[in-house]
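*Asks:* Chains U and P are the protein sequences, given in the same order. Heads up: the first sequence begins at 1 in our numbering, then just goes up one per residue. Heads up: the second sequence begins at 1001 in our numbering, then just goes up one per residue. Yeah, the Cβ is synthetic: ideal placement off N, Cα and C, and Gly gets one too.
There are 2 protein chains.
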Amino acid sequence: MTTDTGRAAGPVDATGSPHAVLRTLPAGAVAVEGGIWAKRQAINREAALPHGFRMLQQAGNLDNLRLAAGGATEGYRGPVFMDSDVYKWIEAAAFELARRPDPELEALIERAIDAIEPAQQPDGYLNSYYTVAEPGRRWTDFGHGHELYCAGHLFQAAVAHHRATGSARLLDVARRFADHIDRTFGPGKRPAVPGHPEVETALVELYRETGERRYLALAGFLLDGRGHGWLGPSRRYGSSAYFQDRVPVREASEVEGHAVRALYLTAGVADVYLETGERALLDALERQWHDMVARKLYLTGGVGSRHLAEAFGKPYELPNELAYCETCAAIASILWCWRMLLMTGEARFADLAERTLYNAVLSGVSLDGQFYFYVNPLADDGEPEHLHRGGPSRKPWHDVACCPPNVMRLVASLGHYLATRDDHGLQLHQYGAARIAVDLPTAGPVAVRVESAYPWDGRVRIAVEEDGSGPWTLSLRLPAWSEETGVAVNGEPSDAAPDGRGYLRLERVWTEGDVVDVAFSMRPRLIEAHPRIESTRGCLAIERGPLVYCLEQQDQQAPLSDLEIDPAVPLTAAWEPDLLDGVAVVRGSGFTVDRAAWAGRLYRPYQPGETAPKRRVDLTAIPAYAWANRGPNAMRVWIPRG
Amino acid sequence: MTTDTGRAAGPVDATGSPHAVLRTLPAGAVAVEGGIWAKRQAINREAALPHGFRMLQQAGNLDNLRLAAGGATEGYRGPVFMDSDVYKWIEAAAFELARRPDPELEALIERAIDAIEPAQQPDGYLNSYYTVAEPGRRWTDFGHGHELYCAGHLFQAAVAHHRATGSARLLDVARRFADHIDRTFGPGKRPAVPGHPEVETALVELYRETGERRYLALAGFLLDGRGHGWLGPSRRYGSSAYFQDRVPVREASEVEGHAVRALYLTAGVADVYLETGERALLDALERQWHDMVARKLYLTGGVGSRHLAEAFGKPYELPNELAYCETCAAIASILWCWRMLLMTGEARFADLAERTLYNAVLSGVSLDGQFYFYVNPLADDGEPEHLHRGGPSRKPWHDVACCPPNVMRLVASLGHYLATRDDHGLQLHQYGAARIAVDLPTAGPVAVRVESAYPWDGRVRIAVEEDGSGPWTLSLRLPAWSEETGVAVNGEPSDAAPDGRGYLRLERVWTEGDVVDVAFSMRPRLIEAHPRIESTRGCLAIERGPLVYCLEQQDQQAPLSDLEIDPAVPLTAAWEPDLLDGVAVVRGSGFTVDRAAWAGRLYRPYQPGETAPKRRVDLTAIPAYAWANRGPNAMRVWIPRG
């Protein structure tokens, strides 16, 4: 079977992008075939997507569009960006359709489009909030109005729908709106800076799908407008940094402000770079990347430290209990990572995408696919939250429901992020059971089957099922977390050395039946954090493979807040098939500390000789993503060192 | 000189409160005569109050009232509660007038009242926002409208003005408005729950000043309405906990929600208790007090951990860099403490008032009295803040300018909080140079002069200047921080033991010329925090006397973020008369740690054997309140233990 039909798949079609070092694979090239991701995709399809459609009906998202179609001027429900949730759901459903035909799901998509299509105004404008709730006030609130944000999600949904079905029904709607925007804004027309980036990356993709270069130019225009204070300070948060309007995109050196906005913007800048190759854009992205990973990143890959403004904090401002780590920000980080990987071919971007996917996105959805975290802290006391922070329970939906359909579209498109090709071969970026088939320019059609119980087992077998003609290169990402990685080709240990980009390149004339065996080190690891981070001082975290672990209260022998970990006792891992849909737990040893001396007070004179009585206890850690699936529960990722 | 004229002084007149264990002293009873507080009062009078009046003119507070008087329906500037800043400024100025006549200041007060008086509507209603900006929408937004909040500050200003000048001009305005509110709300009339408490305590004080019992009943009515969800969830923060409407006041067991709101409310509940003696109110306050001091209090006395909603966090949620610790919340805590002290006579409340005053309020104003912190963190990296948090520089005023005039009114009324009397004697709660004269029911007029360089010097001399007739008791608070306290009467060591309330009671027939010498331990102390607090783990703080210290970058030999303190090296104190208007610095020893191994990354596998290279350095600590008076500067209270 050759699957390189030329039609693109997934959210990014960089098959023709002149400045992509790696090329995305076409529709059908990757089939996820088992393991954790196949399970997540099945739940996404069978439970999450139908649940999401029900929620869109209940919350009023579809009704808002119908009101707009009917000319109503009252009855709008929800925040200004309700349309975007519909578009993200369609995008997710379309990615599912691209994986496997599903008439039921297709019918739901059609029902959603039935609501969208007639809501479009004769001039192409489409936004239910400004049509129903604030008629006559189009394009008056770039900071918080989210019109271009909603437009962007429409474009992405339309592109995904077109790719999945071949139908241009939604794409035509999108093009009419894009053309309206293009007639309205641009050089010599009106200025615009989207208060919430998203339309930039979407316009580039719409360009890729339609070939209409005006859309790429418009994306560039919207980027160029930033950093001149045009938006003014945010009326809610007092600063232009909130929506990345403090400095021009080419001068940016920090990730700052609202985290989702910041990383949707970097994704958009990356998309423009992929098409234009402008060095200043790449340099700015590299500076911001460095700022993020060296100063503003949680161990889980989560980003955005502040509840206030849902924003990046100052360097090293990474509280655990108060971490915001919005699910959408983690997804945005993956979207950016993926484009950086396409731009550079460097494994560090796939490394972070993997960390973020397993630990900061997967945490955002319950095992049954129907309960969601907006906020993903690294510690919680398990008690109800009277005020605002979210507390230890996932919710079926949110008043601001950006996260649930965002998780759905990422899970549905996971196959997109597993592999790429270049002229000489195939690159594996993420591991898991899958079949990957691609038409190489040099070697013609090739296909491999990846077999693995990853991330639980570090052994990955790659079997060549279609061998192509002549030599080609199979590149394997060497995860930074794997202390040692063994590779054997047809049973013979390979002495290939990693290349400078973090990949092992196996170049040969492959034969059907060739087998590459990779073994990543799955020994549980203790991790320490930069001493400037105040929340992790004196603490250790547990990792195994790509997973960050946590202690959840119900697995422990003593109150979580009194536990310490003993780093001298080696950690062990054990597969628990019946726990949390099947996880490897990590067991260690530590202490429970008697806090009686602290009763009733928070501070006391330092008593250097005094040590509180301790009792040795076993510690059992689960993957951090799986917490809060057994009822409200205290949890912590970072454990004081005993 | 006898000063017990019967006319009350200061913000609380509990001279007639039936359930006060201790009685407030009348006008003129206390004169602050030197030291840090005399200096702060002089700056308050000479610099801060004139500066504040200019700011009220510039920001539009007075113009708003003039617009209301003139019947305008546009031109209002600022947030809805702009009137309250005017009232708090008048209250502060009136407290100053009560200390010493000042025609210039009195003229400014009259100018302010000239703006207020004609803004009152014929029916007694008075609020410039709802008169100018939202006419016809009076009493429609109890959650966020702040009408009753502004009314409360008017009442307090009017009472202070009446007490200071004898003029009923502003008091008449206040009574007309109070009567209007009383006609509008109450049993059988309309319900009301103030979204921002303040009017409750003010109504009780208006009752005390006027004898009009309806005002006390109204305060009780407003308290009784809470906790039934009448306000609904805050539209900004999603919860009734935000404005303490989650549980009835008699069932409250936690301090929760917006910190200033929470503690203005507890102050109001305490005021009602002082008049009614209802046990359930006292019990609820005790429960909330315990929750605050055992789970939600910063070392500085600051409260309110969260920037989002300016709120108390969950137990032990006490980040340092992200501490909110609004200056107003610290003031609210002192107002509550003072009433708890009057209710119980227990030193723990005066202890916390002292801690909060020196460390969480004084930090909020610059040494020159003209620059203010809204937020008082316990650590700052000294770098500019792009977003919102405030950064390391005080501002001359704020868009939401509640804090500056709040500091002014507290500083102007400090004498109020130094001492009380009961039937048998005089109680000293706060120490510093002052003369205190009071007419005791049993012993008649007595007077003492307190001489001390407190808080820099722990020696306090109390000289009896007027001895009264027969025995009376001089009670001295024994601060919890003083490890040992020596007391001598006329040079003879006293063997009096502390009473059960935290006071040393010296009962005798006093003779003019008697001298009591007290010596508190001023040895600098290292403090450790509850191990459940994540931000202070492995850290120590420095205290000396009532002061919390900090390291400020410019006093150190290495970058602040790389410093550790060596607890084995004793701390020493030294008086620096030319530094920061005169402070005792505390010197210690520690290390600067080489962080080179961490360059470019935040996390790494734990390396148990590895210790980073360290170099010994001297550490110099200043009182935490004095930071940010020498330009932007990194600062930290909690220092990692090396």
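1. Using a Cβ cut-off of 7 Å, pull out every chain P residue sitting near U:V80, in sequence order please.
2. Starting from the beta carbon of P:P1319, find every residue of chain U whose beta carbon is closer than 8 Å, and list them in chain order.
3. Taking P:L1062 as the reference, which of P:N1044, P:M1082, P:L1025 has the closest Cα?
4. Buried or exposed for P:Q1427, going by 16 or more other Cβ atoms inside 10 Å?
5. Buried or exposed: where does P:S1469 fall if 16 or more other Cβ atoms within 10 Å of its Cβ makes it buried?
6. Counting along the chain, where does the beta strand (DSSP E) carrying U:I436 start and finish?
7. If contacts are defined as beta-carbon pairs under 8 Å, then P:R1630 and P:Q1556 qualify, I think. What distance do you get, rounded to the angstrom?
8. Is there a Cβ of chain P sitting closer than 9 Å to that of U:S452, yes or no?
9. Which of the three DSSP states, helix, strand or coil, is assigned to P:G1301?
10. Within 10 Å of its beta-carbon, does P:P1103 have 16 or more other beta-carbons around it, so buried, or fewer, so exposed?
11. Which first and last residues belong to the alpha helix (DSSP H) in which P:K1088 is found?
12. Between P:H1051 and chain U, is the shortest Cβ-Cβ distance under 9 Å, so that the two count as touching?
13. If the cut is a Cβ gap below 8 Å, which residues of chain P does U:R544 touch?
14. Since P:D1381 meets chain C, which of its residues come closer than 8 Å, beta carbon to beta carbon?
15. Taking all protein chains shown into account, do 16 or more other C-beta atoms lie within 10 angstroms of the C-beta of U:A599, making it buried, or fewer, making it exposed?
16. Do we get a CB-CB distance below 9 Å when we pair P:R1525 with the residues of chain U?
17. Give the single residue among P:S1363, P:T1266, P:Q1121, P:D1291 whose Cα lies nearest to the Cα of P:A977.
18. May I have the straight-line CA-CA distance separating P:L1263 from P:T1210, to the nearest angstrom?
19. Does P:H1386 come out as helix, strand or coil in the three-state DSSP assignment?
20. How is U:A284 classed by DSSP in three states: helix, strand or coil?
21. Could you name the residues of chain P that U:E256 contacts, counting a contact when the two beta carbons are closer than 8 Å?
22. Would you identify the three-state DSSP class for U:C539, choosing helix, strand or coil?
23. Quick one: is U:Y242 near chain P, going by C-beta distance under 9 Å?
24. Roughly how many angstroms separate the alpha carbons of P:V1622 and U:G609, rounded to a whole number?
25. Can you pull the chain P residues whose beta carbon is under 8 Å from the beta carbon of U:G538, in chain order?
26. Rounded C-beta distance between P:A1174 and P:E1091? I'm assuming under 8 Å.
27. What residues match up with P:C1550 in a beta bridge as DSSP calls it?
28. For P:G1016, tell me which candidate among P:M1343, P:A1353, P:Y1076 has the shortest Cα-Cα distance.
29. Quick one: measure Cβ to Cβ for U:V583 and U:A626, integer angstroms, because I've assumed they're closer than 8 Å.
30. Looking only at its own chain, which residues have a Cβ that is under 6 Å from the Cβ of P:A1202, when we skip the five neighbours before and after it?
31. Whose CA, out of P:H1019, P:A1027, P:I1527, P:A1014, lies closest to the CA of P:V1438?
32. Does the region 1070-1080 of chain P come within contact of the region 1129-1144 of chain P, defined as at least 3 CB pairs closer than 8 Å?
33. P:L1410 and P:V1361 look like a contact to me (Cβ under 8 Å); what is the Cβ gap, rounded to whole Å?
34. Should the region 478-486 of chain U be regarded as contacting the region 516-527 of chain U, the criterion being three or more beta carbon pairs within less than 8 Å?
35. What is the DSSP secondary structure of U:D380, counted as helix, strand or coil?
36. Are any of the Cβ atoms in chain U nearer than 9 Å to that of P:A1068?
*Replies:* Let me spell this out:
1. Counting from 1 along the first sequence, the entry for residue 80 of chain U is found at position 80. Those do not exist, as U:V80 stays about 15 Å from chain P at its closest Cβ, beyond 7 Å.
2. Looking up residue 1319 of chain P in the second sequence gives position 319. Going along chain U in sequence order, the residues near P:P1319 (Cβ under 8 Å) are P319, L322, E534, S535.
3. Position 62 of the second sequence, counted from the start, is the residue given in the question as residue 1062 of chain P. The option with the nearest alpha carbon to P:L1062 is P:M1082.
4. Stepping through the second sequence from its first residue, residue 1427 of chain P is reached at position 427. Answer is buried; the Cβ neighbour count reaches 16.
5. Against the second sequence, residue 1469 of chain P aligns to sequence position 469. It is exposed - the Cβ of P:S1469 has fewer than 16 other Cβ atoms within 10 Å.
6. The residue labelled residue 436 of chain U in the question sits at position 436 within the first sequence. Where U:I436 is concerned, the enclosing beta strand (DSSP E) stretches over 434-440.
7. Position 630 of the second sequence, counted from the start, is the residue given in the question as residue 1630 of chain P. Position 556 of the second sequence, counted from the start, is the residue given in the question as residue 1556 of chain P. That pair is no contact at about 13 Å.
8. Counting from one through the first sequence, the residue named residue 452 of chain U turns up at place 452. Not an interface residue.
9. By 1-based counting over the second sequence, the position of residue 1301 of chain P is 301. Here P:G1301 sits in coil by DSSP.
10. As a position in the second sequence, residue 1103 of chain P is number 103, starting the count at 1. Counting C-beta atoms within 10 angstroms of its own C-beta, P:P1103 has fewer than 16 neighbours from the protein chains shown and is therefore classed as exposed.
11. As a position in the second sequence, residue 1088 of chain P is number 88, starting the count at 1. Note, P:K1088: alpha helix (DSSP H), 1082-1099.
12. Counting from one through the second sequence, the residue named residue 1051 of chain P turns up at place 51. By this cut-off, P:H1051 is not an interface position.
13. Locating residue 544 of chain U in the first sequence gives position 544, where the first residue counts as 1. For U:R544, no chain P residue has a Cβ inside 8 Å of its Cβ, as the nearest lies near 12 Å away.
14. As a matter of chain content, chain C is missing from the structure shown, whose protein chains are U and P.
15. By 1-based counting over the first sequence, the position of residue 599 of chain U is 599. When all chains shown are included, U:A599 counts as exposed.
16. Translated into positions along the second sequence, residue 1525 of chain P becomes position 525. Chain U contact via Cβ: present.
17. Given that chain P is displayed from residue 1001 to residue 1642, the structure contains no residue 977 of chain P and the question cannot be resolved.
18. The sequence position of residue 1263 of chain P within the second sequence is 263, counting from 1. The sequence position of residue 1210 of chain P within the second sequence is 210, counting from 1. If I take the Cα positions, the gap works out to 25 Å.
19. As a first step, residue 1386 of chain P is located in the second sequence; it is residue number 386 there, counting from the start. Assignment of P:H1386 by DSSP, reduced to helix, strand and coil, places it in the coil class.
20. Taking the first sequence and counting its residues from 1, the one referred to as residue 284 of chain U is at position 284. Note: U:A284 maps to helix in three-state DSSP.
21. As a position in the first sequence, residue 256 of chain U is number 256, starting the count at 1. Those within 8 Å of U:E256 in chain P are H1386, L1387.
22. Locating residue 539 of chain U in the first sequence gives position 539, counting from the first residue. Strand at U:C539.
23. Within the first sequence, residue 242 of chain U is the residue found at index 242, counting from 1. It does: the Cβ of U:Y242 has a partner Cβ on chain P nearer than 9 Å.
24. Along the second sequence, read from residue 1 onward, the residue named residue 1622 of chain P stands at position 622. Along the first sequence, read from residue 1 onward, the residue named residue 609 of chain U stands at position 609. It is worth fixing the name first, because residue 1622 of chain P is Ile in this sequence and not Val. Looking at the two C-alpha atoms, the distance is approximately 27 Å.
25. For this step, residue 538 of chain U is matched to residue 538 along the first sequence. Residues of chain P passing the Cβ test: R1537, G1538.
26. Here residue 1174 of chain P is taken as the residue at index 174 of the second sequence, counted from 1. Here residue 1091 of chain P is taken as the residue at index 91 of the second sequence, counted from 1. Contact between P:A1174 and P:E1091 is absent: CB atoms are separated by about 11 Å, not below the 8 Å threshold.
27. On the second sequence, residue 1550 of chain P is found 550 positions in, with the first residue counted as 1. Note: P:C1550 sits in a beta bridge opposite P:I1622.
28. One-based indexing of the second sequence puts residue 1016 of chain P at position 16. Cα-wise, what sits closest to P:G1016 is P:M1343.
29. Here the question's residue 583 of chain U lines up with position 583 in the first sequence. Here the question's residue 626 of chain U lines up with position 626 in the first sequence. Correct: roughly 6 Å between the Cβ atoms.
30. In the second sequence, residue 1202 of chain P corresponds to position 202, counting from 1. Within the same chain, P:A1202 has close Cβ partners G1152, F1155, Q1156.
31. The residue labelled residue 1438 of chain P in the question sits at position 438 within the second sequence. It is P:A1027.
32. yes
33. Within the second sequence, numbered from 1, the residue matching residue 1410 of chain P stands at position 410. Within the second sequence, numbered from 1, the residue matching residue 1361 of chain P stands at position 361. Yes, they are in contact, since the Cβ atoms of P:L1410 and P:V1361 sit about 6 Å apart, within 8 Å.
34. yes
35. Indexing the first sequence from 1 puts residue 380 of chain U at position 380. Correct three-state label for U:D380: strand.
36. Residue mapping note: residue 1068 of chain P aligns to position 68 of the second sequence, counting from 1. Answer no: the Cβ-Cβ gap between P:A1068 and chain U never drops below 9 Å.
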